[in-house]
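Positions 1 to 134 (the UniProt record's numbering) are the ones given, in order, by the sequence shown. Where a beta carbon is used, it is the ideal one built from N, C-alpha and C, also for glycine. Keep in mind it's a predicted model, so treat the numbers as computed, not measured. Worksheet for the structure shown next.
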Amino acid sequence: MVLETTTLIDRVPLPSVRQARDKHRVIDWLALSQGTCLVLIETASFAASTLLLVLGLPLFVFLLIAGWDLTALFAQIGNLADHYRTAEPVARRFFAQDLQIAFLIAAGGLALLRLPAFLRRLDRRLAEGSPRHG
Numbered sequence: 001m002v003l004e005t006t007t008l009i010d011r012v013p014l015p016s017v018r019q020a021r022d023k024h025r026v027i028d029w030l031a032l033s034q035g036t037c038l039v040l041i042e043t044a045s046f047a048a049s050t051l052l053l054v055l056g057l058p059l060f061v062f063l064l065i066a067g068w069d070l071t072a073l074f075a076q077i078g079n080l081a082d083h084y085r086t087a088e089p090v091a092r093r094f095f096a097q098d099l100q101i102a103f104l105i106a107a108g109g110l111a112l113l114r115l116p117a118f119l120r121r122l123d124r125r126l127a128e129g130s131p132r133h134g
């Protein structure tokens, strides 16, 4: 009876002649830089649009509550500013922290909702310019 053992090193395929040749191929720096720039531009666009949506949402809600009347909106903002100015320092700090937490939750939640569509669009855009995928 023969005892045969297989270790992790035995499972690693040995490099063939073709694999050794592929390691020395030339890098297409133009395609690499174009792909990198595309990813950076698309990511910056995604981040900027997400932040603008999160920052514009409170304005939309306040305008909706004020009945699309700018006079009522600015009266409410003035009222809020007066209360903030006369509040205790501890209350101001808690209010600022609450706003920061709400902003981070809203931005993170919206980014998570929009992320699958962004990744599909990015994959489609990267595949457009690549001759290997087409």
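Subject >> alpha helix (DSSP H) runs contained entirely in the region 10-92, provided each spans 4 or more residues >> reply: 17-23, 29-65, 70-86
Original post:
What is the rounded straight-line gap between the Cα of H83 and the Cα of I105?
Top reply: What you label residue 83 is simply residue 83 of the sequence shown in a count that begins at 1. What you label residue 105 is simply residue 105 of the sequence shown in a count that begins at 1. The straight-line gap from Cα to Cα measures roughly 25 Å.
**OP:** Output yes or no for whether 8 Å exceeds the beta carbon distance between V26 and A107.
**Re:** By 1-based counting over the sequence shown, the position of residue 26 is 26. By 1-based counting over the sequence shown, the position of residue 107 is 107. Not closer than 8 Å, so no.
Original post:
Do R125 and L38 have their C-beta atoms within less than 8 Å of each other?
Top reply: Taking the first residue of the sequence shown as position 1, residue 125 is located at position 125. Taking the first residue of the sequence shown as position 1, residue 38 is located at position 38. Taking 8 Å as the Cβ cut-off, R125 and L38 qualify as a contacting pair.
**OP:** Please state if the CB of F74 and the CB of F118 are separated by a distance shorter than 8 Å.
**Re:** Along the sequence shown, read from residue 1 onward, the residue named residue 118 stands at position 118. Along the sequence shown, read from residue 1 onward, the residue named residue 74 stands at position 74. No.
**OP:** Drop a sphere of 10 angstroms on the beta-carbon of L71, count the other beta-carbons inside from all chains shown, and report buried for 16 or more, exposed for fewer.
**Re:** As a first step, residue 71 must be located in the sequence shown, where it is residue number 71. Checking the sequence, you will find Thr at residue 71 rather than Leu. T71 is exposed by the Cβ-count criterion.
Subject >> Per-residue burial, T86 [other beta carbons within 10 Å of its own, 16 or more giving buried] >> reply: Numbered from its first residue, the sequence shown carries residue 86 at position 86. By the neighbour-count rule (16 or more Cβ atoms within 10 Å), T86 is not buried but exposed.
**OP:** Note down the Cα distance separating G134 from A127, rounded to an integer number of angstroms.
**Re:** Against the sequence shown, residue 134 aligns to sequence position 134. Against the sequence shown, residue 127 aligns to sequence position 127. Confidence at G134 is low in this model, with a pLDDT of 42, below 50, so its placement is unreliable and no value can be given for it.
**OP:** Go ahead and label T50 buried or exposed: buried means 16 or more other beta carbons lie within 10 angstroms of its beta carbon, across all protein chains shown.
**Re:** For the purposes of this step, residue 50 is taken as the residue at position 50 of the sequence shown. Label assigned to T50: buried.
Subject >> F62 to Q76 span [Cα, whole Å] >> reply: Working through the sequence shown from its first residue, we reach residue 62 at position 62. Working through the sequence shown from its first residue, we reach residue 76 at position 76. Between F62 and Q76, the C-alpha separation is close to 9 Å.
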